[in-house]
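Colleague: This is the structure I have questions about; it appears just below.
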Amino acid sequence: MANWRTVLPSANVLLIFEAAARCLSFSRAAEQLGISQPAVSHAVKQLEQRLGVRLFERQHRGVGLTAAGQQFYQDVATGLEHIYRAAYELKQAHNTSRVTLSVSTAFATHWLLPRVARFKQLYPAIELRCLTTDTDTELQQEGVDLRIPLGGGDWLRYDHWYFTDEAVVVVGSPEYLQRTGDLQQPADLLHKTLLHLEADYPQRLDWNSWLQHYGVMLPRGSRQFTFNDYSIVIQAALEGQGLALGWLHIIGPLLAEGRLLQALPQVLITDNPFYILAPSNSPLSPAAQCLRDWLITEIKTANDARCQ
2 MANWRTVLPS ANVLLIFEAA ARCLSFSRAA EQLGISQPAV SHAVKQLEQR
52 LGVRLFERQH RGVGLTAAGQ QFYQDVATGL EHIYRAAYEL KQAHNTSRVT
102 LSVSTAFATH WLLPRVARFK QLYPAIELRC LTTDTDTELQ QEGVDLRIPL
152 GGGDWLRYDH WYFTDEAVVV VGSPEYLQRT GDLQQPADLL HKTLLHLEAD
202 YPQRLDWNSW LQHYGVMLPR GSRQFTFNDY SIVIQAALEG QGLALGWLHI
252 IGPLLAEGRL LQALPQVLIT DNPFYILAPS NSPLSPAAQC LRDWLITEIK
302 TANDARCQ
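In the working numbering, the protein residues as written are 2 to 309.
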C-alpha cells in the first residue's frame with residue numbers, strides 16, 4: 002500500500018482546494034467555508050509546495066486553474082464525492098431515526114397500512130421501513146429492528162413483548178353468507194366451501210384444528226380451495242368464494258367495515274399469543290422503542306373497541 006501520509010495533504014486542505022477550484026475565487030471559497038480569505042490562500046500555497054506544482058494562476062478577476070490544477074480538481078472532486086456518498090450511506094444505515102419492521106403481507110395490508118398515518122403524525126421524524134415475509138425462517142435477518150412472527154416459537158432467545166392473543170373466527174362475505182344460508186353450529190361448516198391456507202412454515206391453526214376444537218372432524222379430500230398466501234385467502238373470502246379462518250387482529254378492520262362478517266359466534270383463543278421480537282444482542286434505538294410502544298397501544302385500543 003502506498004505511503005499516503007508522505008503524499009496526501011490533509012483533508013482540510015483538500016476541502017479548501019476543492020472550494021477554491023470550484024468557485025475560481027479565494028474570497029467566495031472562504032465565504033462558503035466560513036473561514037478567512039488569507040486562510041484559503043495559505044492552504045493553497047501549502048498544497049502547491051507539497052505537490053511541487055502550480056495549481057492556480059492569477060487572472061484579471063479572481064483566479065484560474067492551470068492544466069495540472071484542472072486535472073487535480075477533477076480527481077479531488079470525484080474522490081470527495083465518493084467519500085461523501087460512502088459516509089452518507091453508512092450514516093443512513095445506522096440512523097436511529099429509521100426503524101425497520103418485518104411482518105406478514107396480510108398484517109401489513111389489513112392492519113398496519115390503515116393505521117400508519119397515525120404513526121407518522123405522532124412521529125414525523127421517524128422513517129418507517131416495512132418488510133413483508135410469510136415465513137419465520139429469517140428471524141435473524143440483518144437490519145430488522147422489530148418483527149411480529151407468524152408462527153409460535155421459543156422467543157426466550159430474543160427480546161420480546163406480548164402483542165395480542167391468537168383469536169380466530171370464521172368469516173365470509175355478506176354476499177356468500179346470504180347466498181349459502183346462515184350457520185348455526187361448527188358442524189354446518191362441513192357443507193360450506195372452506196378456504197384453506199397451505200404454508201411452508203408450521204402454521205398456527207388450520208381448519209382441522211379449529212373444527213376438532215369444537216368436536217367436528219373434517220372429512221378427507223374435502224378441500225375445495227387451497228392457497229399459500231393468507232392475503233389471497235382473505236381476498237377470496239372478500240370475493241365470496243368461501244369461508245376463511247380470520248385472525249381477529251388482522252381482519253378486525255374488515256369486520257368493522259362490514260366487508261366480512263363473522264359466520265359463527267365461536268371465537269377460538271389459543272395459548273399461542275403473538276409477540277413483538279427484537280434482536281437481544283443490541284439495545285433498541287429510540288425510534289424502535291417508539292414503534293414498539295405504538296404497536297402495543299394500537300392493538301390494545303383495537304381489542305378494547307372490539308370487546309365493547
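By construction, the Cβ of each residue, glycine as well, lies at the ideal position given by its N, Cα and C atoms.
Small disclaimer: the values here were computed from a predicted structure and weren't measured.
Do you know how far the Cα of Arg23 is from the Cα of Glu32?
Modeller: If I take the Cα positions, the gap works out to 13 Å.
Colleague: Under 8 Å, with one C-beta from each stretch per pair, do the stretch 49-68 and the stretch 108-116 reach the 3-pair mark?
Modeller: Output reads no: the stretch 108-116 does not touch the stretch 49-68.
Colleague: Could you tell me if Asp146 is buried or exposed, where buried requires 16 or more neighbouring beta carbons within 10 angstroms of its beta carbon?
Modeller: Buried.
Colleague: With a cut-off of 8 Å on the beta carbons, I'd call Ala78 and Glu19 a contact; round off their distance for me.
Modeller: Right, their Cβ atoms sit about 6 Å apart.
Colleague: Between Gly63 and Ser26, what straight-line distance do the alpha-carbon atoms span, to the nearest angstrom?
Modeller: Each residue's alpha carbon lies about 5 Å from the other.
Colleague: Along the beta strand (DSSP E) that carries Val234, what are the first and last residues, could you check?
Modeller: Looking at the DSSP string, Val234 is not in any beta strand (DSSP E); the run it does join, the alpha helix (DSSP H), is Tyr231 to Leu239.
Colleague: Give the straight-line distance between the Cα atoms of Thr7 and Ser283, rounded to the nearest whole angstrom.
Modeller: Thr7 and Ser283: Cα-Cα distance of roughly 40 Å.
Colleague: If contacts are defined as beta-carbon pairs under 8 Å, then Leu102 and Leu292 qualify, I think. What distance do you get, rounded to the angstrom?
Modeller: With a Cβ gap of about 6 Å, Leu102 and Leu292 count as contacting.
Colleague: On a CA-only basis, which of Gln236, Arg205 and His192 is nearest Ala107? Give me that one, please.
Modeller: Closest option to Ala107, Cα to Cα, is Gln236.
Colleague: Considering Cα atoms alone, identify which of Gln213, Ser28, His161 and Pro150 is closest to Val104.
Modeller: If we check each option's Cα against that of Val104, Pro150 comes out closest.
Colleague: Could you check where the beta strand (DSSP E) with Ile277 kicks off and where it finishes?
Modeller: Segment Phe275 to Ala279, the beta strand (DSSP E) holding Ile277.
Colleague: Given this structure, state the Cα-to-Cα distance separating Phe226 from Leu81, to the nearest angstrom.
Modeller: So the alpha carbons of these two residues sit roughly 59 Å apart.
Colleague: With 16 as the cutoff for other CB atoms within 10 Å, does Gly247 come out buried or exposed?
Modeller: Buried: at least 16 other Cβ atoms inside 10 Å.
Colleague: At what residues does the alpha helix (DSSP H) containing Leu48 begin and finish?
Modeller: Here the alpha helix (DSSP H) through Leu48 covers Gln38 to Leu52.
Colleague: Please report how far the alpha carbon of Gly144 lies from the alpha carbon of Thr134, in whole angstroms.
Modeller: Approximately 14 Å, taken between the alpha carbons.
Colleague: Exposed or buried, what is Trp211 when buried is set at 16 or more other beta-carbons lying within 10 Å of its beta-carbon?
Modeller: Counting Cβ neighbours within 10 Å, Trp211 comes out buried, since at least 16 surround it.
Colleague: Determine the DSSP secondary structure at Gly65, reduced to helix, strand or coil.
Modeller: In this structure, Gly65 counts as strand in the three-state DSSP scheme.
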